[in-house]
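UniProt numbering applies: residue 1 is where the sequence shown begins, and numbers increase by one. Before any comments, here is the structure.
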Amino acid sequence: MSLNITANCSDVPCWTCRRRRLRCDRALPTCGKCASSQRPCQGYGKDKPLRWTDSVASRGKLMGKKVPRQEQPPISRVLNDPSVQDLSPSMRHYITYFAQECCQECVLYDFERANPFKEFIRLIPSCPGLCHTMVSVAALHQAFRIAAAQCNERPVTPNSNPTEIQPLHQLPAYYDALDHKQRALGFLRSEANAGSFSNPDGVIASMIMSIWLELMDSGRNTWRYHLRGLREVMPKRGLSLALFKDEEELATGLPQMSEYFDTSYAVLEIIGSTFVKAKQAYQPLFSMSPTLDILKRSESQTWTGCPATLLYVLSLVNAVAARAQEIPPDVIGNILTHLRNFCPMKWALTGAETHYIKPRYQLACIWQAAVEIYALQVFPTSSNEGRITNSLDLSFHHLESLLPADVHLKGIIWPAFVIGAEAQTPFQMGLITDVFGRLWTLWRCQNVANALKVLEKIWARRAEEGSFRRWIEYVYEWGDDWMFI
C-alpha cells in the first residue's frame, strides 16, 4: 500500500497565496508553495487572519500614527548575542527556521512560554555544539518539506508513493543536515571523553535533539545509542553543573531545564522500550520527582499528548516485562484495572479549551485502546481477548475522525501503529493507511513512512501464517529497534 496524499488537501487556498495572488497547492497542514519559498503559511482558516503593524489605527485621526517598537522576540536576542556573531547567514537562517517551524511540532500545544525546545535556543551562545545539532534538525526538516512540496507540484497517480519524493541528495538543505550532524557528533564525542562538560545543559539538550534527528531520519536503531549515552553521562552532568554554574544560576536555572529534560527523557525512554525485546524499566534521571508528576508535565511539554495515567501504565508494563521471572497473574490484573479505570472524558475536560474537548476525548480513547492492546501483546491473557475485539471498531473510528489540520494528530503515531497492527480486514488496513497518509502530510519524516512499512509486513506475515501469533513477536523477531513517535 502507499500513503494517500491526494485526500489531504484543503478545499480553499491558503491566505498567503491569496495575498500573493499565486496558485496554491492546498496541502495540509501548510501550503507546499509556502514551504518551498520558505515563507510562513497563514493557513486555511475561514476568517482572514490579522496582520499586525506598528500603526495605531487603520482609519480616523490616528491613522498612520506609530507605536513605540516592541522588544525583539527571544530568537532575535539570541542571534544578536556577541558570542554568535560569527555564525554564517545559513546557520542563522536554520536557527530561525527551527524556532518558527520545528518547535511547534515538538509540543502538543505551542505556547510561547511553555515550549521547552524554544528554551533550548537560549543555550546556543554558551554551547556552540548545540548550535550544530539544532541546525542539522532544522536542515533535515526543511529538506523533507521542500522535497515533498516539489512532489506535490507534479501530477500524482493513484499508485504514487510519497516516500519516493525527489531524492534528498539533490537538495542543499540535506547536505547541510549531514554536515552539521557530523559536527554535532564530534562535539558530543569530545564532551564524552572530557572530564566534565563545558556546558552540561547544552550537552544534554544536544543529545535529546540528536534523538529527534534520528527519529526524523528513520526511527530505527540509532536513536538507542543516544538514549543509552544519555543515561551513562548523567553522573558527569552533576559534577559539571557544580563547576559550570555559580550558586545563583544553579538555584534559578537548573529546576526549569531539568523539568524539560525529565519530560523528554521520560517519553523517549517509555515509548522507546515498547517495540524492543530487551525492555528498560523507566527511572527518572534529572530529578527525584515521582514518576506520575513528571508524566503529568509531559502532557504540556511534549508532542505525544498521551495522558499521564496511560503513559504511567505503559511504564509499568515495560517494567514488569523487563523482569526475568514469570509475571504473576495478579500483577497483570492490577495493571489492566488501573488502565481501564481511566476516564477519557474526564481527562479531556481538564484544563482544555472548549473547542479542544472533542479531539482530546478522541485522543485519550485512542491512547487507552492502544495501551491496552500493547499490554495484552506483552503479557496476553485469554480472558481479556474479547476486550480488544469489542473496542477495535471504535478505535478505528476515533482515528479516522481526527482531521489533518487538528493539532492532536501529531500525538497518534504510536497508538495508530499499535491499533493498525490489529487490523484484520482490507477496510481497516486501508483506513490505517489513510491515517498515516495524514501523518506523512503533517511531518514528512521517514519515521512515519517506516511505521507503515512495518505494518504492511505484519499484515503480510499474518495473512501468510494466520492470526495465532502475536504481532509483537514479529517485531521482536525482525530485530530492529523502532520508535514510532
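Think of the CB as a built atom: it goes at the ideal place given N, C-alpha and C, for glycine as much as any other residue. A quick note: this is a predicted structure, and the numbers were derived from the prediction, not measured.
Rank the options by C-alpha distance to the C-alpha of residue i and give the top, closest one.
i	options	result
residue 542	Leu399, Met429, Leu316 and Leu403	Any answer about residue 542 is impossible in this case: the structure gives the chain only from 1 up to 485.
alanine 348	Leu339, Gln362 and Asp25	Gln362
alanine 321	Gln280, Leu22, Tyr476 and Gln182	Gln280
arginine 19	Lys48, Cys9, Ala27 and Cys102	Lys48
alanine 27	Cys9, Arg224 and Phe427	Cys9
glutamine 283	Ile270, Trp459 and Glu191	Ile270
methionine 134	Ile146, Phe144 and Phe98	Phe98
alanine 143	Phe117, Pro116, Glu214 and Tyr174	Tyr174
residue 509	Gln104, Arg23 and His93	There is no way to answer for residue 509, as the model of the chain reaches only from 1 to 485.
tyrosine 265	Ala278, Arg224 and Val276	Arg224
tyrosine 312	Tyr356, His355, Thr263 and Gln325	Thr263
serine 300	Tyr109, Met483 and Leu268	Tyr109
tyrosine 474	Leu268, Asp217, Lys410 and Val276	Val276
serine 218	Ala460, Ile458, Trp440 and Gln428	Trp440
proline 125	Pro235, Ala278, Cys102 and Asp86	Asp86
Should residue i go down as buried or exposed, given a rule of 16 or more other Cβ atoms within 10 Å for buried?
i	result
histidine 169	exposed
tryptophan 478	exposed
serine 210	buried
aspartate 406	buried
threonine 302	buried
isoleucine 88	Correcting the residue identity first, residue 88 is serine in this sequence and not isoleucine. Flag for serine 88 reads exposed.
valine 435	buried
histidine 397	exposed
glutamine 201	Here residue 201 is aspartate; the residue named in the question, glutamine, does not match the sequence. Aspartate 201 comes out buried.
asparagine 450	buried
glycine 430	exposed
valine 203	buried
glycine 272	buried
glutamine 446	buried
methionine 216	buried
phenylalanine 484	buried
isoleucine 327	exposed
Rounded to the nearest angstrom, what separates residue i and residue j at their Cα positions?
i	j	result
alanine 184	serine 198	14 Å
serine 401	tyrosine 374	22 Å
arginine 189	histidine 226	11 Å
histidine 132	glycine 420	37 Å
proline 29	alanine 194	44 Å
phenylalanine 379	glutamate 259	32 Å
glutamate 464	phenylalanine 187	48 Å
serine 467	methionine 91	51 Å
proline 255	threonine 291	Interpretation of proline 255 is limited by its pLDDT of 48, a score under 50 that renders its predicted location unreliable; the figure taken from the coordinates is listed afterwards. Using only the alpha carbons, I get a separation of about 16 Å.
valine 12	cysteine 34	15 Å
histidine 141	isoleucine 95	12 Å
leucine 285	serine 196	18 Å
arginine 323	tryptophan 471	21 Å
cysteine 17	leucine 310	42 Å
arginine 462	arginine 39	45 Å
glutamine 377	tyrosine 476	12 Å
threonine 163	alanine 364	At threonine 163 the pLDDT is 45, less than 50, meaning the model places this residue with poor confidence; the figure from the coordinates comes in the next sentence. Roughly 29 Å between the two C-alpha positions.
alanine 251	histidine 338	With a pLDDT of 37 at alanine 251, under the threshold of 50, the modelled position of this residue cannot be trusted, and the question is left open.
leucine 295	glutamate 372	18 Å
serine 391	valine 454	23 Å
leucine 452	isoleucine 432	9 Å
glutamine 424	proline 344	26 Å
proline 167	leucine 178	14 Å
Thinking residue i and residue j are a contact (beta carbons under 8 Å), I'd like their distance in whole angstroms, please.
i	j	result
arginine 438	proline 404	5 Å
alanine 148	arginine 469	Not really, about 36 Å apart at Cβ, beyond 8 Å.
proline 307	tryptophan 367	6 Å
isoleucine 481	asparagine 221	The sequence as given places aspartate at residue 481; isoleucine does not occur at that position. Confirmed, Cβ separation roughly 5 Å.
asparagine 334	threonine 274	Asparagine 334 to threonine 274, Cβ: 20 Å. No contact.
aspartate 176	alanine 139	4 Å
residue 486	alanine 370	The structure shown has nothing for residue 486, since the chain only spans 1 to 485.
tryptophan 15	glycine 43	7 Å
phenylalanine 117	cysteine 127	Not a contact, Cβ separation roughly 15 Å.
leucine 171	isoleucine 146	6 Å
For residue i, which three-state DSSP category applies?
i	result
arginine 183	helix
cysteine 102	helix
arginine 220	strand
cysteine 9	strand
alanine 278	coil
tryptophan 367	helix
alanine 322	coil
tryptophan 303	coil
alanine 35	helix
alanine 460	helix
alanine 138	helix
alanine 416	helix
alanine 405	coil
alanine 348	helix
alanine 27	strand
Is there at least one Cβ from chain C nearer than 7 Å to residue i's Cβ?
i	result
alanine 138	Among the protein chains of the structure shown there is no chain C, as only one such chain exists.
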